[in-house]
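First up is the structure itself, then whatever we jot down about it.
There are 2 protein chains.
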Amino acid sequence: MDRLPGFRDFYPEPLPNPDAWSADARQYILERWRQTARRYAFREYDGPPLEPLELYTIKSGEEIVGQLFNFTDKGERAVSLRPEMTPTLARMAGAAERNYKKPIKWFAIPQLFRFEKPQRGRLREHFQFNADIIGEADPTAEAEIIALLIDSLRALQLNAQDFVVRVSSRHAWQQFFSQRCPDPAKAYDFYQIIDKLEREETSVTASKLNALGFKLDEVQSFIRAGEPTAELELVLKNLGARGLSDYVTVDYNVIRGLAYYTGIVFEAFDRKGELRAVAGGGRYDNLIKLMTGGKVDLPALGFGMGDVVLLELLKQRKLLPSFNASIEVFCLIEDESLRSETLRLVTDLRAAGQVVDYCFTPTKPDKQFKRALECGAKRTLRLERTDAGALQAKIKELATRSEQTIAAHDIIATLAGLRASSAGQ
Amino acid sequence: MDRLPGFRDFYPEPLPNPDAWSADARQYILERWRQTARRYAFREYDGPPLEPLELYTIKSGEEIVGQLFNFTDKGERAVSLRPEMTPTLARMAGAAERNYKKPIKWFAIPQLFRFEKPQRGRLREHFQFNADIIGEADPTAEAEIIALLIDSLRALQLNAQDFVVRVSSRHAWQQFFSQRCPDPAKAYDFYQIIDKLEREETSVTASKLNALGFKLDEVQSFIRAGEPTAELELVLKNLGARGLSDYVTVDYNVIRGLAYYTGIVFEAFDRKGELRAVAGGGRYDNLIKLMTGGKVDLPALGFGMGDVVLLELLKQRKLLPSFNASIEVFCLIEDESLRSETLRLVTDLRAAGQVVDYCFTPTKPDKQFKRALECGAKRTLRLERTDAGALQAKIKELATRSEQTIAAHDIIATLAGLRASSAGQ
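If you read the sequences in order, they're chains V and H. According to this note's numbering, the stretch in the first sequence is residues 36 to 460, in order. According to this note's numbering, the stretch in the second sequence is residues 36 to 460, in order.
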C-alpha cells in the first residue's frame, strides 16, 4: 500500500532512493527557521491542523473550498485541514491580544494542506514558516519582518547571490489604478492581471488590461520606473542600516494575488529565477478585524516560507550538510565480561549529551568495527582491563585511526573534549 | 469563531489564561524527546498526517473506523487522519528496509488524531513520541527501548520517585492461558479482560473470566507472584547494568489491549497512580509482515509517549521551567541619530546567536526601559558617542542593575561572555 499522492514520507539519511525526501534535511530547515525567529524575539504559537471550514470561507469566499481537504466530521461539523496559517493566527490573536504587549511578534511552523494537482515545487502538503507582527502600523515593522525573512535564508547559508527579496507596494498600485479607473470594484481584477504578468502571454495580458480600460505600455513603464514610495524608501533605508541592501530590490511586478493585502508586499526568489517564490508576504491591516467580526482591529503583516521550493534551492546550490555521520561514539564490546560496564558507560555518555551506539548482541570484533565505519561514527571506544584489573578505555578516531588509552574515570571528560574540538573544526 | 472541540491552540507564555496550552512547554517537551532519541542513535522519520483509510483497517479491523477522522477526498479516496504511527512506520520500513542496516532505530514525533469524547488527559489530537527498533529479536532490544523511554522522562527532570515502567510479558500470559484453555481463539478476549483488570469492578471481571473458564483468584495469584520470565530477567539485568533498576518493575497487570503485541509489553505510569499511562509499548514481531502483505518479515518493538498526560505530570511536579525571560539583549535607542547604528548592532548580535529586541519606533526612554523589564530581558544595551565621537555601549544587567561601558568593537564579544556565564548559572 502506498501513501496518498502529493504527500511525503520522510526517511533518515542515507536515503533509500534519490527521489526520497530526507527527514534530516527537513529537520535542519525547520530548526534553522525556529532558531532565527527566536533570535529576532519572535515567540512560537501553533493551532490545530483541523479547523472549522468557515474559518477559511470567511476570509477567502466559497471558491477556496474546491482547493481544500474539507469534510463533515462525525459530529456533523464542516471542517477542513488548514490550507494556510493566517486565519488561525487571526482567530488566536483576536481572542487573546489583550494579554500580550504590542507589537506582538509570533511565528509558527505548521504543515499545510491543499487539494491541488501535485507538480514540481507544489505538493498537497508542505511545511511553512510563518512570521507575523501584530499591532504596529509603522513600516519599520516591514523592515523587521523582511530582515527576519532574509536572515532565515542566510541561516541556511544562502546569500545575496542566491536569492533576492522583491518588494512592492499595494499603495503604489492603488494610486496607479485610481488615477486611471474610477471604479474601486475593479481593483481586485486589475491586481490579478498584474499578479500574472510574468507568467502570462503579453498579448493575453494586454487584452485583459484593455478590457478594464488600462494600457499595457503604461503598466510596463510604471514597473520599469519602479519609483519607490516614501514608505518603501523607509524600509530600504532601515534594511540598509542593517547591512541588508544587497538582498532587496523594489520590483512592482510583485503585487501578491490575495485580496487582503493593504500595503507593502514582497516575495523572495532565487536569483536565477528558475524556481517558484521561496517566500511571500505583506501587510494586511484589515484582516484581523474581518476575522474577528469587527471585535479586534489591529494592523498586521507577515510572511510565509515553504519547505519544498527552499529545499530545491538548497540542493541546487549544494548547501545541505551531510547528515550521515551523526554517531559520536561507537562502543565496541570485544570482551563479553565487560558488557555490563559498557552498558553503564553508554548510558552515562548519552546522559552527558553524546550520540552513542553499540551492537546489541555478542558480535565478532571485526563486524562491530565494520558497523562503526558503516554508520559513519566519529570514534570507537573499547573498554578493557589492565593487568592490575583496573578499567580503561581505548578510544580510536576513525578519520585518522589514531588511538589513545584513557583511565576509566577520565573517559567522559576526554570524550567531551574530543567532541568540543571536532565541533570547532 | 472557536476552534474545534478536543483540539488545542498553543500560545506563547505568559499564557492569556490558566487553561491555555503553552507553545513553549510543548516545544520544550518535543525538543527533549528529540534530543534524547538522537543521543540513543535513533534517526528521525515522518510520514503524512493523512493516509489511506485501509492502512488502519488492515491492522485494526473495521471497528477502528468509528474512532477516526476519516472521509472521502476529492479524488474519491477513502482517507483518514493518522490515529497512530505504527502502520505508517510499517509501510515505510517495509518499503525501504533493504537500504538500512539492521537493527533499524527510528523515531518520530507525529501529531495523532482520534474522534473520541474529549476528557481529562485525552483529547482529539496529541503529539506522540514514537521510537521503534526493527530487525532485532533479542530482548536486549527491549532493554534499549525501555532505557530510551526512561531517559526521555529523565531529560524532563522526572526521576524514579515520579514514574515507573511496569514491564510484563505476553509470553507469560500466553502460557497461563494455554495451560487452562485449549482454544487459542479465545486468547484475545482473555487479554482484554486482563487489560481492564485495574479499571473494572472485581465482580464484573470475575464473571467475565468464569465465562471463559478462568478463575479470578488464579489470575490474581499469578499477578501477585509476578514470576519474571527468563526474557524479562535478561531485560531487568540489562537495565540494572545501566543503573536504571529503580525505574522498572515486573507487573503482570500490564498486558496492553492491542491484538498485535507478541512478547514483552510495558507501560510507564506516574508513581502516585493518579494519571493515565504516560507511555506504553512492546514487541510486535508479526505486524510488519501483516502490513506488507507478507513481503517483509522483521521482528520489531517500540513505544509511544503522548504529550498530554506528560504535561499534566510535569505541571503537578512543578518541573516546567519558566519560558518568559527569553530575551537576552534589549537595545534601547535614546538618541534617534543612533538608530541606524543600533539596527546594525541588532542584526550582528542576532547573527551571533543572541535573542535581541528593541522598540520599532521612537519611544520615550522610560517607556523603552519599562518594555525591557516587562518582556523579562536579561540586559539592556544603549549606544552612545563619547566626547571624541567614538561609539560605545552601556550594558546594564536587569537583575542587579549593574552597568558597564564597552567600546564598540568589544560589544559582541562582551555579550557572548555574559551569555556564557549566565548559561552556566
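Note that CB positions come from ideal geometry on N, CA and C, so glycine has one too.
Can you tell me which of the options puts its alpha carbon nearest to the alpha carbon of residue i?
i: V:R69; options: V:K431, V:T396 and V:L183; result: V:L183
i: H:R38; options: V:P219, V:W208, V:R112 and V:P40; result: V:R112
i: V:R155; options: V:K324, V:P40 and V:E79; result: V:P40
i: V:A76; options: V:L426, V:D218, V:M127 and V:K140; result: V:K140
i: V:A131; options: H:E253, H:N52 and H:K330; result: H:N52
i: H:L244; options: H:I169, H:A442 and H:A222; result: H:A222
i: V:V270; options: V:L418, V:Y46 and V:S203; result: V:S203
i: H:N321; options: H:L346, H:A314 and H:Y295; result: H:Y295
i: V:A178; options: V:F198, V:G298 and V:R215; result: V:G298
i: V:L418; options: V:R385, V:L373, V:T398 and V:S457; result: V:L373
i: H:R379; options: H:L354, H:K399 and H:L426; result: H:L426
i: V:S187; options: V:E151, V:L367 and V:A72; result: V:A72
i: H:K109; options: V:K109, V:L103, V:G110 and V:Q196; result: V:L103
i: V:Q62; options: V:Q196, V:E369, V:Q146 and V:I99; result: V:Q146
i: H:Q192; options: H:K250, H:R352 and H:E376; result: H:R352
i: V:A451; options: V:V344, V:L384 and V:A442; result: V:L384
i: V:P219; options: V:G248, V:A195, V:Q196 and V:I144; result: V:G248
i: V:Q403; options: V:G424, V:E371 and V:S375; result: V:E371
i: H:A125; options: V:T107, V:Y46 and V:R74; result: V:Y46
i: V:L355; options: V:I144, V:Y135 and V:R189; result: V:R189
i: H:E376; options: V:I228, V:N273, V:V100 and V:L50; result: V:N273
i: V:I180; options: V:A335, V:A412, V:A407 and V:M127; result: V:A335
i: V:P84; options: H:A407, H:K350, H:F42 and H:N134; result: H:F42
When DSSP labels each residue in this structure, what does residue i get in the three-state scheme?
i: H:V289; result: coil
i: V:M340; result: strand
i: V:V390; result: coil
i: V:P40; result: coil
i: H:F162; result: strand
i: H:R117; result: coil
i: H:S6; result: Outside the displayed range of chain H (36 to 460) lies residue 6 of chain H, so it cannot be described from this structure.
i: V:K231; result: helix
i: V:N105; result: strand
i: V:G278; result: coil
i: H:A294; result: coil
i: H:Q209; result: helix
i: H:V270; result: helix
i: V:E309; result: coil
i: V:T123; result: helix
i: H:P138; result: coil
i: V:Y75; result: coil
i: H:E419; result: strand
i: H:S437; result: coil
i: V:D401; result: helix
i: H:G82; result: coil
i: H:R189; result: helix
Between the beta-carbon of residue i and the beta-carbon of residue j, is there less than 7 Å?
i: H:R291; j: H:G317; result: yes
i: H:A303; j: H:V381; result: no
i: V:F148; j: V:E79; result: no
i: V:V300; j: V:R205; result: yes
i: V:S57; j: V:E66; result: no
i: V:C410; j: V:I362; result: yes
i: V:E438; j: V:R414; result: no
i: H:D305; j: H:F225; result: no
i: V:P138; j: V:G170; result: yes
i: V:N105; j: V:L90; result: no
i: H:D281; j: H:A195; result: yes
i: V:K429; j: V:T440; result: yes
For the putative contact between residue i and residue j, defined by C-beta atoms under 8 Å, what is the C-beta separation to the nearest angstrom?
i: H:L333; j: H:K94; result: Not really, about 16 Å apart at Cβ, beyond 8 Å.
i: H:S115; j: H:E86; result: 6 Å
i: V:T396; j: H:T175; result: 6 Å
i: V:L346; j: V:V313; result: Between V:V313 and V:L346 the Cβ distance is about 10 Å, and since that is not below 8 Å, they are no contact.
### Message
For the structure I just gave you, are there three or more beta carbon pairs, one from the segment 284 to 304 of chain V and one from the segment 196 to 215 of chain V, closer than 8 Å?
### Response
yes
### Query
How about the segment 442 to 459 of chain V and the segment 379 to 396 of chain V: do they share at least three Cβ pairs that are nearer than 8 Å?
yes
### Contact the segment 120 to 138 of chain H vs the segment 327 to 346 of chain H: 3+ CB pairs below 8 Å
yes
### Message
Using a Cβ distance threshold of 8 Å, determine whether the segment 231 to 241 of chain V contacts the segment 259 to 279 of chain V, with at least three qualifying pairs required.
### Response
no
### Task
Spell out a yes or no on whether the segment 165 to 172 of chain H and the segment 346 to 365 of chain V are touching, meaning 3 or more CB-CB pairs, one atom from each, closer than 8 Å.
no
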